[in-house]
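Report on one structure; see the data block that follows.
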Amino acid sequence: MFLMVAAFFAGWLVLSAINQFKADALIWLHRYDSLGLLPNWKFFAPSPLKFDLVLLYHTSQDGGNGESIYGDWAVAAVAYDRNVYDFFFNTSRRLNKAITDLYSFIIDLSRTFPIESVCRSAPVKALSALVVQRAGIVPDPVVVSGIAVGRSFQFAIVRVEGVRASTTAVFAFVSEPAPLGK
Amino acid sequence: VDVFTLTCLVASIGITISAAEDVSLPRELFRNSIFDWRYCLAFQRARPERSTPFYDVIFGVDAFRAVAVLKAVSSLVGVVLAWNGHPLAYLPLLVSLACHLFMFYRLSYSVDGADQMMIMVLCGSIAMGLDRGTGCYRDLGASFISLQAALAYITSGATKAFSSPWRSGDGFRGVMSTGTFGNAGILKVLDRHKYIQIAVSRGIFFSQILIGFLILGGSYASIVAIGFALLFHVIVAYLMRLNLFVWGFGATYPSIILMSDWHERTRFVTQCLLQ
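As you go down the protein sequences, you meet chains P and R in turn.
First residue of the first sequence: 1, per the numbering used here; consecutive thereafter.
First residue of the second sequence: 1001, per the numbering used here; consecutive thereafter.
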C-alpha cells in the first residue's frame, strides 16, 4: 500500500516537473486533465501581463433600406475592479480571471480559425452573454420565422495598456453582428 | 501542534476564504452568463451532451454554492479532528478535495495557481493523515508538498530569468502599470529610476529561484526560505490582490519545516519503502 502511494506521488511529481519545462510532451495528457492535476507554476512568465481588458458593446438600429446603423461603443464590463479589502477577500478574483482566460482562448482561436467559427465558439458565447447581461440589453421582440429582425448587437474586447500611466487602447477582438432575438 | 494539524489549519483558512469568495459571486453570473455551466463545460472533454433538468441542478448556482460551503466546512472539520489526533481526520479532507476538484471541473476557466497548489496540499495532507502512528505517510505527504513548493518557486523564477522583458525590467513595470495588479505609486518610482526597475524585476526571479533551492537545501536554509517566501506572498497579496497565494503556499510551509532535515527524512521514507 505504502509503495503504491509513494509511486503515485513520485509519478505525479515527475509529470508536474515535465509540464513546467517540456509541456509539449504532455499535450496528449492535458486533454484528459479535466481536474487541473497538472500544475502550471510559471506565474506571469515568460510574457508578463501588461494590459487590462474592457468589454464594449453597441447595438444597431434599422436605418431603412435594410441598413443597420450602430451607435457608439459603450462599456459593459471592466476586468480590473478593485476594493480596499482585496488583499484578504477578493470577490472579483474569479470574474476577472475568467474574462482574462476567455480572452486568451479567443486570441488563440483567432490565430487558427476564421472569425465566423471563432464567433460560434464557447469563449465568445460566454463573454457575449456576460456583455448582454451587464449592459442590460433587452432582446428584440420582433421575430419573423425564428429570426430577429431590427436590432443587432456586437461586442468587442479592448486591451488597455498603462491604465496607471499613459493609456493606450487597442481593439483586440470584435464579434460579428448578432441578432438580438429572444 | 504537529505538521499535519498545522497544514490542515492553514489550508482550511485559504479554502474558507476561497469558498466565501465563490459564494459571493452574483447569482446572475451562473444563468446565461459567463459562469453558466453550458459555457464552462464546453472546455471539458467529458461533458454532458445536452442540457437536462438533472444537469441544471448539479451544475447550477445552488449546487455550486453548496459544494463551496461543503468544501470549507469539511476542511474545518478536518482541522478539529486532526487537532484531537483522530485517526479518521483524513476523511473530511478527502471530501474537501473532492469538492475542490468538482469546482475545477465545473468552472474550467478562472482557476489559478493558488487553487492548484491547494490540490497538492490537500493530497499531501490526506497522505499525512492516513497513518499518524508510524510517520511513514506523514513524511511521504510532507515530502510531496515540499517538492511541489520547491518546483513552483524554481519554475516561476527560472521562466522569468529566461524572459527578456523580465531581465530588462519591463516585465515588472508592465505588471505594475495594469489596473488589475498594478500600483500607481510604485509605477511612478519605477518610471523615475530605470535601475530600480531592473533591480526589482531581477530581484523577483532571483529570490524565487533562491527560495526554491533553499527549500531543497534543507536545515536552516529552509526556515530562511519560508521567511522570505511568506514576506513575498504578503507583499504580493497587498500589491497585486493575489490573496489566496498566501494560504495556498503558506500551507506548504509546515511540511517544508518538517522536511528541513532531508537526509534523515529520506532515510526514514526509504526504510518505510523497504519494510
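Heads up, the beta-carbon is just placed ideally off N, CA and C, and yes, glycines get one too.
- Close partners of residue 91 of chain P in chain R (Cβ separation under 7 Å): 1021 and 1024.
- Beta-bridge annotation (DSSP): residue 69 of chain P is paired with P:61.
- Using a Cβ-Cβ cut-off of 9 Å, residue 1265 of chain R does not count as an interface residue toward chain P, since no Cβ of chain P sits closer than that to its own.
- Taking C-beta separations shorter than 7 Å and ignoring five residues to either side along the sequence, the partners of residue 1137 of chain R in its chain run 1127, 1128, 1130 and 1131, following chain order.
- By the beta-carbon neighbour count (other beta carbons within 10 angstroms, threshold 16), residue 170 of chain P is exposed.
- In this structure, DSSP gives residue 157 of chain P an extended state, which the three-state scheme calls strand.
- Short of 7 Å from the beta carbon of residue 1118 of chain R, and not among the five residues preceding or following it, lie these beta carbons of its own chain, in chain order: 1011, 1014, 1015, 1100 and 1248.
- In this chain, residue 87 of chain P is not harboured by any alpha helix (DSSP H), its DSSP state being neither H nor E.
- As the crow flies, the alpha-carbon of residue 1183 of chain R is around 19 Å from that of residue 1246 of chain R.
- Per DSSP, reduced to three states, the secondary structure at residue 53 of chain P is strand.
- The secondary-structure analysis by DSSP pairs residue 1020 of chain R with nothing; it has no beta-bridge partner.
- Proximity to residue 119 of chain P across P:10, P:177, P:38 and P:44 peaks at P:177, based on C-alpha coordinates.
- Residues of chain R with a Cβ closer than 8 Å to the Cβ of residue 164 of chain P are, in chain order, 1176, 1177, 1178, 1179, 1182, 1183, 1184 and 1187.
- Listed along chain R are 1178, each with a C-beta nearer than 7 Å to that of residue 51 of chain P.
- DSSP places residue 1066 of chain R inside the alpha helix (DSSP H), whose first and last residues are 1061-1083.
- Under the Cβ criterion of 9 Å, residue 1035 of chain R is counted among the residues facing chain P.
- For the C-beta of residue 13 of chain P, the chain R residues within less than 8 Å are, from N- to C-terminus, 1144, 1147, 1148 and 1151.
- A distance below 7 Å between beta-carbons, with the five flanking residues on each side excluded, links residue 1089 of chain R to the following residues of its chain, in chain order: 1078, 1081, 1082 and 1129.
- Proximity of chain P to residue 1119 of chain R at the Cβ level (cut-off 9 Å) is accounted for by 35, 36, 37 and 39, in chain order.
- Pairing residue 1185 of chain R with residue 1192 of chain R, the inter-Cα distance amounts to about 11 Å.
- Among the CB atoms of chain P, one or more fall inside 9 Å of the CB of residue 1159 of chain R.
- By the CB criterion at 9 Å, residue 74 of chain P and residue 58 of chain P fall inside the cutoff.
- Chain R places a beta carbon closer than 9 Å to that of residue 94 of chain P, counting this residue as a contact.
- Within the DSSP bridge table, the entry for residue 78 of chain P names P:54 as partners.
- Measuring C-alpha to C-alpha distances from residue 126 of chain P to each of R:1255, R:1061, R:1034 and R:1251 identifies R:1034 as the nearest.
- The beta carbon of residue 1104 of chain R is closer than 8 Å to those of 1111, 1115 and 1119 in its chain, skipping five residues each way along the sequence.
- Listed along the chain, the chain P residues whose CB falls inside 9 Å of the CB of residue 1104 of chain R are 34, 35, 36 and 37.
- If you ignore the 5 residues before and after residue 1030 of chain R, its C-beta comes within less than 8 Å of the C-beta of 1036, 1037, 1060, 1061 and 1064, all in its own chain and listed in chain order.
- Excluding the 5 residues flanking it on each side, residue 1145 of chain R has same chain C-beta neighbours closer than 7 Å at 1120, 1121, 1124, 1252 and 1255, in chain order.
- Of the residues assessed, residue 1084 of chain R falls on the exposed side of the cut-off, its CB having fewer than 16 other CB atoms within 10 angstroms.
- Non-local C-beta neighbours of residue 174 of chain P in its own chain, meaning closer than 6 Å and more than five positions away in sequence, comprise 156, ordered along the chain.
- Under the DSSP assignment, residue 113 of chain P falls outside any beta strand (DSSP E); it carries neither an H nor an E label.
- In summary, residue 1026 of chain R is exposed, with fewer than 16 beta-carbon neighbours lying within 10 Å of its beta-carbon over all protein chains present.
- The residue from P:79, P:41 and P:27 with its alpha-carbon nearest to that of residue 1148 of chain R is P:41.
- Using a CB distance cut-off of 9 Å, residue 59 of chain P does not count as an interface residue toward chain R.
- Contact between residue 1177 of chain R and residue 1218 of chain R fails: their C-beta atoms lie close to 39 Å from each other, not under 8 Å.
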